[in-house]
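Here the structure comes first, spelled out in structure tokens, and everything after it is commentary.
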Amino acid sequence: MKIALVALLAGLLFGAGLALGGMTNPAKVVAFLDVGGRWDPSLAFVMGSALLVTFPVFAWVRRAGRPLLAERFQLPTKRDLDPQLLAGAALFGIGWGIAGLCPGPAIANLAAGSPEVLLFVVAMVAGMWLRDRTAAITG
Amino acid sequence: MTVLMDTDSWLRAAGGGLLIGLAAALMIIFNGRIAGVSGALGGLLLDPVPGERRWRSLFLGGMVLGALLLTTAVTSLPPAQLQTGWLGMAAAGLIVGYGTRMGSGCTSGHGVCGIARLSPRSIVATLTFMAFGVATVFVIRHLSGAAA
């Protein structure tokens, strides 16, 4: 129950932060990525100030034995820089540049009720599903 | 290259980042979880683990509600302007979904949490999707002859 409430609160803060920060506006995101044109670097401050909070928190995680409500920390276990990581991140970057939406802002943007954003989210889920279906072929 | 300087959006970006950082902090400190959006969404719909459904839906649902509340409260925010049409949105969504599932994360899991964990995979992934995002916008805006 408490775990569910924390997840809800975290979601609320996350969505509010994305909207306040400008991440839910694709024009803003594309302007951030448009380093060769009229570059709007403001979104760097979103990641920068988020990291200001998460850096000390994850330093604590490395020392702490367990989280406050769950049995253990569930952290990624993969360590190697495999081709899937690089190819996946590259593909993601291409899609991000086309639409100016990454997964968090796309979800948060559902609040605005735009059918195009809904299409993006449905296509995103289809892409994830397709990845699982083709993982045997592409590795 | 022209650099746009706009104090208001810089301040809002910094404030938004603090809220996002706080959200990620709550998730790891209390629940022991990485606040990764593509992971939460993919996990919810494609890896149906009974005990994981509830927090993932509440986290994602909370994001929609949080954005709705914020945009209702702060009316001075510019409205979202889409950058591509139906076909572009469908293609981009498909690529983003495929890529984040293949690359184990997106801007939140790799960018906000992974970098803070000093994970080499996340640092490399973040640099890679940033570089490809920049290159894609460059091609669309400055090479393809499409509207700037």
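Chains as they are written, first to last, in the numbering used here: chain A, 1 to 139; chain B, 140 to 287.
Think of the CB as a built atom: it goes at the ideal place given N, C-alpha and C, for glycine as much as any other residue.
None of these values were measured; they are calculated from a predicted model.
Just to confirm, does residue i get its C-beta within under 6 Å of one of the non-hydrogen atoms of the ligand ADP?
i	result
B:Pro189	Ligands displayed in this structure: none; no statement on the ligand ADP is therefore possible.
What is the rounded straight-line gap between the Cα of residue i and the Cα of residue j?
i	j	result
B:Ala164	B:Leu180	19 Å
A:Gly104	B:Gly236	12 Å
B:Val188	A:Gln74	14 Å
B:Ala229	B:Gly244	20 Å
A:Phe120	A:Leu12	21 Å
A:Ala90	B:Phe268	5 Å
B:Trp225	A:Arg62	44 Å
A:Asp40	B:Met144	7 Å
B:Arg195	A:Ile94	26 Å
A:Thr54	A:Met47	10 Å
A:Leu101	A:Met1	32 Å
B:Ala287	A:Thr77	Its pLDDT being 44, under 50, B:Ala287 is placed unreliably in this model, and the value from its coordinates should be taken loosely. Cα to Cα, B:Ala287 sits roughly 42 Å from A:Thr77.
Name the chain B residues that come within less than 7 Å of residue i, Cβ to Cβ?
i	result
A:Arg38	Thr141 and Leu143
A:Gly100	Gln222
A:Ala48	According to the sequence shown, residue 48 of chain A is Gly rather than Ala. Result: Gly156.
Name, please, each residue of chain A whose Cβ falls closer than 9 Å to the Cβ of residue i.
i	result
B:Val203	Gly11, Gly15, Ile107, Ala108, Asn109, Leu110 and Ala111
B:Thr214	Here the premise fails: no neighbours, minimum Cβ distance about 12 Å.
Are residue i and residue j closer than 7 Å when you measure CB to CB?
i	j	result
B:Gly248	B:Ile173	yes
B:Ala152	A:Gly22	yes
B:Ile159	A:Phe14	yes
B:Val276	A:Gly97	yes
B:Gly182	A:Phe45	no
A:Phe58	B:Arg260	no
A:Ala19	B:Leu233	no
A:Ala10	B:Arg193	no
A:Gly88	B:Met241	yes
B:Leu184	A:Val125	yes
B:Leu209	A:Ala16	yes
Does residue i come within less than 7 Å of chain A when only Cβ atoms are used?
i	result
B:Ser110	No answer is possible for residue 110 of chain B: it lies beyond the span of chain B, which begins at 140 and ends at 287.
B:Phe271	yes
B:Thr262	The residue you asked about is not Thr; residue 262 of chain B is Ile in the sequence shown. No, B:Ile262 lies away from the interface with chain A (no Cβ there is under 7 Å from its Cβ).
B:Val226	Residue 226 of chain B is actually Leu in this sequence, not Val. With 7 Å as the cut-off, B:Leu226 does not count as an interface residue toward chain A.
B:Arg192	no
B:Thr211	no
B:Gly171	yes
B:Gly242	yes
Name, please, each residue of chain A whose Cβ falls closer than 8 Å to the Cβ of residue i.
i	result
B:Ser148	Gly22, Lys28, Asp40 and Ser42
Starting from residue i, find everything on chain B with Cβ-Cβ shorter than 8 Å and list it in chain order.
i	result
A:Thr77	None at all; the shortest Cβ gap to chain B is about 11 Å.
A:Gly65	Within chain B, no residue comes near A:Gly65; the closest Cβ sits about 11 Å away, beyond 8 Å.
Can you confirm whether residue i, when its beta carbon is compared against all beta carbons of chain B, has any partner nearer than 7 Å?
i	result
A:Pro83	no
A:Gly95	yes
A:Ala136	no
A:Gly139	no
Using a cut-off of 7 Å between C-beta atoms, extract the partners of residue i located in chain A.
i	result
B:Ser177	Pro103
Would you verify that the beta carbon of residue i is, or is not, closer than 7 Å to some beta carbon of chain E?
i	result
A:Met128	Structure shown: chain E not included; protein chains present are A and B.
Margin query: Quick check: the segment 220 to 228 of chain B against the segment 79 to 93 of chain A, are at least 3 beta-carbon pairs closer than 8 Å?
Written below: no
Would you call the segment 94 to 110 of chain A in contact with the segment 191 to 209 of chain B, where contact means no fewer than 3 C-beta pairs closer than 8 Å? yes
Query raised in the report: Is there contact between the segment 129 to 137 of chain A and the segment 29 to 40 of chain A, where contact requires at least three CB pairs shorter than 8 Å?
Result: no
**Request:** Count the C-beta pairs between the segment 140 to 150 of chain B and the segment 33 to 50 of chain A that are closer than 8 Å, then say yes if the count reaches three, no if not.
**Result:** Output reads yes: the segment 33 to 50 of chain A touches the segment 140 to 150 of chain B.
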